[in-house]
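As structure tokens, the structure follows; a few thoughts come after it.
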Amino acid sequence: MRILLVKPQAHLKTVLGLQRFQCLEPLEFGYLAAAIAPEHEVRVLDLRLYRFAEAAFERELARFKPDLVGFTAYSHESGRMKRLAGTVRRLMAKTRIVVGGHHATVAPADCNIPDIDYIVRGEGSGPFGALVVALAKGEEPEGINNLLFTGDRFDEQAAKVWPRYPDPRTIPIPRRDLWDSRAYYCVWVCENPRDWQVLYPRVAMARTSYGCKMTCSFCIVPFLSGTTHMPRVADVVAEDLSRISVDHVYFADDENFIDEQYGFELADAIEKRGIKKRYFAWARATTILRYPDLMRRWKEIGLDGVFVGFEFTTNQELKAVRKGGTVSHNERAHETLRKLGIACHAAFMVRPEYGHAEFDHLRHYVNALPPVQCSFTVCTPSPGTADYDAARPSFWAGDAYDLHDCMHPLTPTTLPLREFSELFARQVREASRRNPLRVERHPIRPWELARAINAERRYDQAFRELYRDFPRELWDWPGRRLALSA
Ligand code: B12
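Below, the structure is given as structure tokens:
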């Protein structure tokens, strides 16, 4: 069979702006391709890399003539994904269409449309492998776990049950030969940057585990993982890493170090194979404080930076989302990382209810932090959860999935939306001055500097103009509504 795996291009400027700083491999397709027999011909089409994505898609359909097209999508890409599925249906009536990935997992009912044949939820290697076996024999894929049919056979009950991750021993080592690794990059932050350090190295992605043991209320991971952390076999991960050609690896785990024993085991396996790479990982503040020796060990084998969910700047807010940590945990974890020479990426959230006082508080707090790379999102309930369903009646814009990038407020803001966008943009802009790469003022190669300045300009503009993604009548909400009622 000829199989085409497609990652859509985002439409939101916020996401496109982020992509100027980091664009990471479509690793999901490496897993899927590794799960099927080698006689099938597989191609990956990453539409994020094309200026005219739809034209590139149609060109590839005409050239490759796939028997099966598989789409992946986050929720904000779901509209585009469905449109592309419609194009396949229109141009190639016999081609089968399957969707998987995060949106299909959390919102399968939204994928139940005539232009899609099958919906795969959760980890895809097993169901995708079985689907290809069935289709190659000319049969329908009956009785495959986590695979749903669309149309009359759409199983509403099955769509309501969360898929469970399979035993990590059953998933293959991903294929990495299906895309050009030169296309993927990430601005690489480290605590002690060197002069002329490469700002945008080529970056590969890898996953060492899935899941997290915590139950933070804003996060989808507890639903996906059933609050368990499931590591892959350490030697298998080391083998996977040894096949990566580039020097920098961005992990796609939910939490890399929550299992201390596994963390040490994996570090030993990596060292034993003589793998020398730089790593960026994900950890909770409480994990960093609990296992500083593990962080030290990973620093020895190449850990440069860690993404830490600081979330909020008050204990009250942290408690309200069941973070299981405090502002002091965040600050001490930051200090621990800095002492070890590991850069901290602190991720904060703002809420749609934020007014001037809250934005001021956040700005002053972040401006007083030691050097840190920061990112900001809007606390948004995840599709597929009870919180999302409860918030749905108050969503204020048409298709909430299309705006679900955790940067667009889905429920009405207290401040006029235009002002909210301006303050949000200001927060992102000012915090970027705390970045270790900025604070330490090391010389950067001029063409990379120009690229970063341009990226920052576009990112800032995307936040300032975020209100434009909403219907016009909401732009000056609630100011305009109040003016009208007066
Ligand atoms: C790594 C990561 C990133 C990376 C990018 C990864 C990439 N390749 O581009 C970075 C940090 C850049 C990033 C950015 C963003 N991310 Co992100 N990210 C993740 C994270 C932690 C892991 C995703 C991953 O790569 N996993 C590893 C791969 C191998 O697994 P997978 O994608 O799940 O694929 C498997 C299955 O889903 C399935 N599958 C996938 N596709 C398909 C297709 C078919 C046909 C089939 C059969 C199966 C299948 O099989 C795959 C193999 O097992 C998840 C959290 C999570 N637990 O999923 C959030 C997550 C996916 N991100 C999310 C969001 C919102 C974003 C941003 C919009 C956030 C932001 N404001 O910055 C941006 C947008 C990026 C973009 N271009 O669209 C949300 C998505 C929510 C939603 N409902 O859509 C998640 C779930 C986190 C959250 N907040 O809840 N992200």
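So in the working numbering the end of the sequence shown lands on 471, straight run, no missing numbers.
Quick reminder that beta carbons are idealized off the backbone N, C-alpha and C, glycines included.
The structure presented is a predicted model; accordingly, all values stated were derived computationally and were not measured.
Beta carbon of residue i nearer than 8 Å to that of residue j
| i | j | result |
| --- | --- | --- |
| Val(-9) | Leu32 | yes |
| Gly107 | Pro148 | yes |
| His61 | His341 | no |
| Met215 | Pro126 | no |
| Leu226 | Lys262 | yes |
| Gly85 | Gly109 | yes |
| Leu496 | Arg317 | The structure shown does not extend to residue 496, since the chain spans only -14 to 471, so no value can be given for it. |
| Leu163 | Phe49 | no |
| Ser417 | Pro397 | no |
| Arg36 | Arg443 | no |
| Ile(-12) | Glu43 | no |
| Gly2 | Asp387 | no |
| Pro356 | Val424 | yes |
| Arg282 | Ala252 | yes |
| Val117 | Met(-14) | yes |
| Glu415 | Asn352 | yes |
Proximity test, residue i beta-carbon vs the ligand MN heavy atom, cut-off 7 Å
| i | result |
| --- | --- |
| Pro151 | With respect to the ligand MN, the structure offers nothing, as its ligand set consists of the ligand B12. |
Beta-carbon proximity list for residue i, same chain, < 6 Å, skipping 5 on both sides
| i | result |
| --- | --- |
| Ile129 | Pro112 and Ala115 |
| Gln358 | Val174, His330 and Asn420 |
| Thr272 | Phe242 and Ile243 |
| Ile82 | Val54, Ala70, Val73, Ile101 and Asp102 |
| Ala38 | Gln(-6) and Leu32 |
| Glu338 | Thr399 |
| Ala468 | Because Ala468 sits at a pLDDT of 46, beneath the cut-off of 50, its placement in the model cannot be relied upon, and the following sentence gives the value as read from the coordinates. Counting only Cβ-Cβ distances below 6 Å, and skipping sequence neighbours, we find nothing. |
Cut-off 8 Å between Cβ atoms - residues of its own chain near residue i, not counting five sequence neighbours on either side
| i | result |
| --- | --- |
| Pro277 | Thr321 and Leu325 |
| Phe292 | Phe265, Ala266, Trp267, Ala268, His330 and Ala332 |
| Leu12 | Pro159, Met190, Ala191, Arg192 and Ala237 |
| Trp181 | His427, Pro428, Ile429 and Arg430 |
| Tyr170 | Gln7, Cys8, Tyr185, Pro186, Arg187 and Val188 |
Cβ separation of residue i and residue j, assumed to be a contact under 8 Å, to the nearest whole Å
| i | j | result |
| --- | --- | --- |
| Ile286 | Ile255 | 6 Å |
| Glu250 | Ala219 | 5 Å |
| Pro80 | Val73 | According to the sequence as given, residue 80 is Thr; it is not Pro. Thr80 to Val73, Cβ: 6 Å. Contact. |
| His233 | Val172 | Going by Cβ atoms, the distance from His233 to Val172 rounds to 11 Å, so no, they are not a contact pair. |
| Ser406 | Arg449 | 6 Å |
| Pro456 | Ala376 | 18 Å between Cβ atoms; not a contact. |
| Tyr103 | Leu132 | 6 Å |
| Val335 | Phe409 | 6 Å |
| Asp454 | Leu(-3) | 6 Å |
| Tyr235 | Leu9 | 6 Å |
| Gly369 | Phe208 | 7 Å |
| Ile98 | Lys67 | 6 Å |
| Glu240 | Cys197 | 4 Å |
Buried versus exposed, by CB contacts within 10 Å (16 or more), residue i
| i | result |
| --- | --- |
| Gly136 | exposed |
| His393 | buried |
| Ser210 | buried |
| Gln446 | exposed |
| Phe203 | buried |
| Leu434 | exposed |
| Val54 | buried |
| Thr304 | The question names Thr, yet the displayed sequence has Lys at residue 304. That one is exposed. |
| Trp462 | buried |
| Phe297 | buried |
| Leu46 | buried |
| Ala22 | exposed |
| Ile438 | exposed |
| Arg179 | exposed |
| Ser230 | exposed |
| Glu458 | exposed |
| Gly248 | buried |
| Glu141 | exposed |
Residues near residue i in its chain [Cβ-Cβ closer than 7 Å; skip 5 each side]
| i | result |
| --- | --- |
| Ser470 | Per-residue confidence for Ser470 stands at a pLDDT of 43, beneath the threshold of 50, marking its modelled position as unreliable; no derived number is given. |
| Cys391 | Thr362, Val363 and Thr365 |
| Trp460 | Leu402, Arg403 and Tyr452 |
| Leu34 | Ala168 |
| Glu176 | Arg323, Gly326, Ile327, Ala328 and Pro421 |
| Leu17 | Leu(-10), Gly55, Gly109, Ser110 and Phe113 |
| Val29 | Leu(-10), Pro11, Phe14, Leu163 and Trp164 |
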